Amino acid sequence: MDPHYDANASSLMEQLFMPYFSGQWNQEDWDFTAKERAILKDYLLVFDEIKDLFEPYRQDIATYYLSYYGVNLLQVCYFLFLERKETVSTIQELHQLALKLSEQDIKERLCFLLMNEEDASKGFWDLLENSNLKPDTKWYFSQFYKYPLDNMKKLIALSEKLVTLYQPYLKAGEKHRQAFSQSFSLEKLFEESHVISEEQYQQNKDREYHLYILSPWMICFASTDMTSRNRGSVALIVSCYVDDLLLSHNDLDDDDFSIVLKLLSDITRYKVMVELLKGELKSKEIAEKFGITGAAVSFHTQKLINAHILIFSESNSKGKYELNKSFLNQVMNKLKQELYLDQDEI
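Using full-length UniProt numbering, count along the sequence shown one by one with no gaps and you end on 346.
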């Protein structure tokens with residue numbers, strides 16, 4: 001597994017991540033352990049500084065920087081330009097190409113943003129209706145779809161403002177990105193971190209990966225298909241030192257143990273997890289079954305992933321998640337040992 005990496009492409013990708021600082025994500029959502037906070041200590045301060053800088057643009061970001069499952073509209077436009085063999089090495093070139101997109105191009109990108117493999121044949125309105133997006137976000141999607149050219153102009157104007165504000169931070173992160181690119185091993189991370197199942201790792205190790213490395217205050221580990229073709233190229237987006245974060249969970253400590261018990265003690269979250277593992281219901285159906293919103297299902301799912309309780313598994317015929325058995329066995333062994341559960345009753 002030898003991913004394609006380009007420093008300029010990573011710099012460009014980072015400038016497409018401006019919604020990350022819009023206030024839609026909070027440190028509290030991650031339930032950072034003491035080990036993780038020690039790794040991220042200085043970078044969390046930078047994150048908060050940028051978040052405050054972008055606060056005046058929060059509503060505009062929500063309106064025009066349409067995102068779904070951590071990927072936004074400008075990023076999927078970037079993937080389109082790469083597929084078309086367009087020259088796009090700077091954010092300015094990307095902005096110009098985005099403004100040249102046709103109305104149909106933009107509408108197709110909105111569909112691509114919302115779809116998964118099962119939804120490939122569905123139209124925009126069905127995709128939007130079946131999504132886990134909040135009602136106000138669905139409204140923003142619908143308005144962008146109705147007036148794609150006008151809204152794309154507004155998105156690019158907003159991107160130009162935010163990217164200009166972000167330049168000092170992009171420059172400051174350069175040394176981190178360069179150093180991390182020289183030491184990071186994707187294969188080692190997949191083999192040792194349990195972030196994906198062994199079966200998924202073996203099934204996908206021959207795919208073409210494009211690695212994008214972000215500055216450490218972005219705290220990201222994400223993968224997304226770059227095309228709609230079956231088993232096409234994959235964008236793997238990681239922030240500096242994310243391997244340290246993921247590998248820190250290999251040895252269970254009191255913080256990890258406490259977070260697992262806390263998360264699984266929420267009965268709704270537990271029931272959502274059980275349904276995800278069954279793989280019989282879509283998120284919208286799970287929400288209806290338990291009388292919660294689709295956004296709540298996504299929230300619970302992300303909590304379970306962040307805590308390394310769930311891992312991705314394309315090979316699981318029952319669903320796209322499976323339990324991180326190695327990690328949970330450590331939790332069970334701790335309970336057995338400290339509560340003497342293995343001893344025979346007297």
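Even glycine gets a Cβ: it sits at the ideal position worked out from N, Cα and C. Treat the numbers as computed from the prediction; the structure is a model and nothing was measured.
If you count every other CB in all the chains shown that lies within 10 Å of the CB of residue i, and 16 or more means buried, which is it?
| i | result |
| --- | --- |
| ASP225 | buried |
| SER67 | buried |
| ILE237 | buried |
| ASP150 | exposed |
| ILE346 | Summary for ILE346: the model assigns pLDDT 47, below 50, so the residue's position carries little reliability; its value from the coordinates is reported in the next sentence. The residue is exposed, with fewer than 16 neighbouring Cβ atoms inside 10 Å. |
| ASN329 | exposed |
| GLU338 | exposed |
| VAL272 | buried |
| LEU74 | buried |
| ALA34 | exposed |
| SER326 | exposed |
| ARG37 | exposed |
| THR164 | exposed |
| TYR20 | buried |
| SER265 | exposed |
| MET152 | buried |
| residue 374 | As displayed, the chain neither begins before 1 nor continues past 346, which places residue 374 out of reach and without an answer. |
| ASN333 | exposed |
| ASP256 | buried |
| SER22 | buried |
| LEU12 | buried |
| SER313 | buried |
| LYS289 | exposed |
Quick one: grab the DSSP three-state call for residue i.
| i | result |
| --- | --- |
| PHE32 | coil |
| VAL88 | coil |
| TYR69 | coil |
| TYR321 | strand |
| TYR5 | strand |
| PHE17 | coil |
| LYS312 | Note on identity: in this sequence residue 312 is Phe, with Lys being the wrong assignment. If DSSP states are grouped into helix, strand and coil, PHE312 belongs with the strands. |
| MET152 | helix |
| SER22 | coil |
| SER283 | helix |
| residue 364 | With the chain represented from 1 up to 346, any question about residue 364 goes unanswered, as that position is not in the structure. |
| GLY173 | coil |
| MET115 | coil |
| LEU276 | helix |
| GLN343 | coil |
| ASP42 | helix |
| THR164 | helix |
| ALA295 | helix |
| LEU101 | coil |
| TYR147 | coil |
| ASP206 | coil |
| SER11 | helix |
| LYS107 | helix |
| ASN329 | helix |
| LEU133 | coil |
| LYS122 | coil |
Grab me the residues of residue i's own chain with a C-beta within less than 7 Å of its C-beta, minus the 5 sequence neighbours each way, in chain order.
| i | result |
| --- | --- |
| ILE292 | THR268 |
| ILE156 | HIS95, ALA98, LEU99 |
| VAL297 | ASN132, VAL272, SER283, ILE286, ALA287 |
| ALA307 | ASP31, ILE259, VAL260, LEU263 |
| GLU93 | THR87 |
Going along the chain, which residues of its own chain have a beta-carbon closer than 6 Å to the beta-carbon of residue i, five neighbours each way excluded?
| i | result |
| --- | --- |
| LEU189 | ASP243 |
| ASN316 | Confidence is the limiting factor: at ASN316 the pLDDT is only 48, short of 50, which leaves the residue's position unreliable and the question unanswerable from this model. |
| SER239 | LEU214, PRO216, MET218, ILE219, CYS220 |
| GLY294 | ASN132, SER283, LYS284, ALA287 |
| LEU162 | MET18 |
| LEU16 | LEU74, GLN75 |
| SER223 | VAL234, LEU236 |
| THR63 | TYR140 |
Can you give me the Cβ contacts of residue i inside the same chain, cut-off strictly under 8 Å, excluding the 5 residues immediately before and after it?
| i | result |
| --- | --- |
| LEU247 | LEU189, GLU192, SER193 |
| VAL274 | none |
| LEU110 | LEU66, LEU73, PHE124, PHE141, PHE144, TYR145, PRO148 |
| SER233 | ARG207, GLU208, TYR209, HIS210, ASP225, MET226, THR227 |
**Q.** Contact between the region 94-106 and the region 237-256 (3+ Cβ pairs under 8 Å)
**A.** Cβ pair count under 8 Å is below three, so no.
Q.
Threshold first: 3 residues or longer. Then list the beta strand (DSSP E) segments lying entirely within the region 208-270, N to C.
A. Counting whole runs of 3 or more residues, the region 208-270 contains the beta strand (DSSP E) stretches 209-214, 221-225, 234-239.
Q) Are the region 5-12 and the region 173-184 in contact at 8 Å, needing three or more beta carbon pairs? A) At 8 Å Cβ cutoff, the stretches touch.
Q. Taking one C-beta from the region 101-117 and one from the region 64-84 each time, how about it: are there three or more such pairs within less than 8 Å?
A. The region 101-117 makes contact with the region 64-84, as at least three CB pairs between them are under 8 Å.
Q | Meets three-Cβ-pair contact criterion under 8 Å: the region 126-137 and the region 75-95 | A | Remark: fewer than three beta-carbon pairs, one from each stretch, lie closer than 8 Å, so the region 126-137 and the region 75-95 are not flagged as touching.
Q: Check whether the region 210-227 touches the region 32-52, taking contact to mean three or more Cβ pairs, one atom from each stretch, closer than 8 Å.
A: The region 210-227 makes contact with the region 32-52, as at least three CB pairs between them are under 8 Å.
Q. Is the region 71-83 close to the region 43-60, with three or more CB pairs under 8 Å?
A. As far as the Cβ criterion goes, the region 71-83 does not touch the region 43-60, which means the pair count is below three.
(Q) Below 8 Å, how does it come out for the region 269-278 and the region 53-60: are there three or more Cβ pairs, yes or no? (A) Taking 8 Å as the limit for Cβ pairs, the verdict is that the region 53-60 does not touch the region 269-278.
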